[in-house]
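Per this note's numbering, residue 2 is the first one in the sequence shown, and the count goes up by one each step. Backbone N, C-alpha and C define an ideal beta-carbon position, used for all residues, glycine too. A short worksheet on the structure shown next.
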Amino acid sequence: MSRAAKYYIGMVVLGGLVSLAYGAMRLPQPDKIWVLALLVVLCGLAQAAPVPLFSNSSVSVAFAMSFISLLLFGPAGAILANLGSAAVHALYPKRRPWYKIIFNTGVFTISAALAGATYVELQGPWPVRDLTSAAIPLGAAALVYFLVNTGMISLVVSLTTGADFRKVFNEN
2 MSRAAKYYIG MVVLGGLVSL AYGAMRLPQP DKIWVLALLV VLCGLAQAAP VPLFSNSSVS
62 VAFAMSFISL LLFGPAGAIL ANLGSAAVHA LYPKRRPWYK IIFNTGVFTI SAALAGATYV
122 ELQGPWPVRD LTSAAIPLGA AALVYFLVNT GMISLVVSLT TGADFRKVFN EN
């Protein structure tokens, strides 16, 4: 593995740890923690049931649970809900090696953190009482989530295989 790939993977893992620390420091009130726990489980279940697209491609709808967590609990909720996705991704359909687990957990949490930051920066309210006021911030956050998640995965594939980044990104 190239030095650039090792450095990149290390930075993603570090960024994931920072994101997790942020989420852990901003847990919801104790009387609402069960709702977040339920969303973590639902996020994991959604990760386990991807929706097939074309050829060998599929998409997980787990981000929807992550975004519900964002709307209810803010960026920290989205970060923590993504732990359900990361856990299922680590173990299903087969257990992945530890280094892929920590890298992918970093990708999941960083994607949620940056999407959450976008939502907040665009004045997205939480908890949401009116979806119309959240529509533009939520759309922008979804775009950021997709670009960051797909971009980070594409970059590690590019760095470890030597494939062209744009080609990997466009194919995935």
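Taking the Cβ atom as the reference point for each residue, do residue i and residue j lie within a distance shorter than 8 Å?
i	j	result
Ala91	Ile102	yes
Leu39	Pro128	no
Ser86	Gly78	no
Tyr120	Phe64	no
Pro29	Leu37	yes
Phe104	Val41	no
Ala47	Tyr93	no
Met26	Leu43	no
Ala6	Thr106	no
Ile154	Asn173	yes
Gly24	Ile111	no
Ala143	Phe68	yes
Could you tell me which residues DSSP puts in a beta bridge with residue i?
i	result
Val52	Val60
Return the chain-ordered list of same chain residues with a C-beta closer than 6 Å to the C-beta of residue i, the five sequence neighbours on each side being excluded.
i	result
Gly125	Ala135 and Pro138
Val89	Gly45, Gln48 and Ala49
Arg97	Ala91
Gly75	Trp127
Trp35	none
Leu21	Thr110
Between residue i and the rest of its own chain, which residues show a CB-CB distance below 7 Å, the 5 nearest in sequence each way excluded?
i	result
Ser59	Pro51, Val52 and Pro53
Trp99	none
Val62	Ala47 and Val52
Leu84	Val41
Lys95	none
Would you grab the beta carbon distance between residue i and residue j for me? Rounded to a whole angstrom, and I think it's under 8 Å.
i	j	result
Gly117	Ile80	7 Å
Val149	Val13	11 Å between Cβ atoms; not a contact.
Ala141	Leu123	6 Å
Note down, in chain order, each residue of its chain lying with its Cβ closer than 8 Å to the Cβ of residue i, except the 5 sequence neighbours on either side.
i	result
Phe166	Ser155, Leu156 and Ser159
Tyr9	Leu156, Val157 and Leu160
Identify every run of the beta strand (DSSP E) within the stretch 73 to 98, keeping only runs that are complete inside it and at least 3 residues long; order them along the chain. Correct list: empty.
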